[in-house]
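Participant: A single structure is presented below for examination.
Numbering (this note's numbering), first residue to last: 15 to 169.
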């Protein structure tokens with residue numbers, strides 16, 4: 015007969031120990047994902063006397079942090095580095111991530127403006143050779159003008 019060992023948080027200083035099934039239910043992750051996080055070193059999971067994985071509260075807290083970082087589109091390698099970073103390093107990285115996303119948002123807005131331009135005016139005239147710009151340079155000029163307009167709207 016197998017005994018199911020599970021400790022629940024009952025107050026300050028008490029240990030929470032959950033088996034994989036219970037941790038899976040609480041986190042919404044599959045058992046395989048939890049095992050993968052363990053083998054990749056993202057979490058540290060203890061084993062009980064019958065060699066089953068058991069999850070302590072600090073491990074569940076770490077899973078929560080992993081899931082939050084996944085929501086901002088970070089890969090597991092980046093997440094692992096962040097988990098082992100100081101708060102100052104995390105904040106700096108998150109600031110850089112935010113700035114990168116803001117840059118992508120501007121790029122997407124430029125694409126939207128490009129689409130609107132094409133819908134409203136059709137395909138612009140091909141740059142004349144006498145203008146001294148390549149097609150790509152002309153497109154870059156158009157996009158820079160659009161970016162200026164977008165950034166002006168932002169203020």
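Here a beta-carbon is modelled for each residue, glycine too, at the ideal position from N, C-alpha and C.
1) Count the CB pairs spanning the segment 100-108 and the segment 126-145 that are closer than 8 Å, and state whether there are at least three.
2) Quick one: Cα of residue 39 to Cα of residue 114, how far?
3) Work out the CA separation of residue 37 and residue 4 for me, nearest whole Å.
4) Hey, which unbroken runs of the beta strand (DSSP E) at 3 residues or more fall wholly within the segment 36-123?
5) How big is the Cα-Cα spacing for residue 93 and residue 84?
6) Determine the direct distance from the alpha carbon of residue 153 to that of residue 119, and round the result to whole angstroms.
7) Three-state secondary structure (DSSP) at residue 32?
8) So, helix, strand or coil for residue 137, using DSSP?
9) Buried or exposed for residue 51, please, with buried defined as at least 16 other CB atoms from any protein chain shown within 10 angstroms of its CB.
10) Can you tell me whether residue 112 is buried or exposed, with buried defined as 16 or more other CB within 10 angstroms of its CB?
11) In the DSSP assignment, the alpha helix (DSSP H) including residue 145 goes from what residue to what residue?
12) Taking the C-alpha atoms as reference points, what is the distance between residue 147 and residue 108?
13) Considering Cα atoms alone, identify which of 106, 89, 116, 75 is closest to residue 168.
Facilitator: In short:
1) Inter-segment contact for the segment 100-108 and the segment 126-145 is absent: fewer than three beta-carbon pairs are separated by less than 8 Å.
2) 34 Å
3) Nothing in the structure corresponds to residue 4, since the chain is present only between 15 and 169.
4) 67-70
5) 8 Å
6) 19 Å
7) strand
8) coil
9) Its Cβ being crowded by 16 or more others within 10 Å, residue 51 is buried.
10) Under this definition residue 112 is an exposed residue.
11) Per DSSP, residue 145 belongs to no alpha helix (DSSP H) and is neither H nor E.
12) Residue 147 and residue 108: Cα-Cα distance of roughly 39 Å.
13) 116
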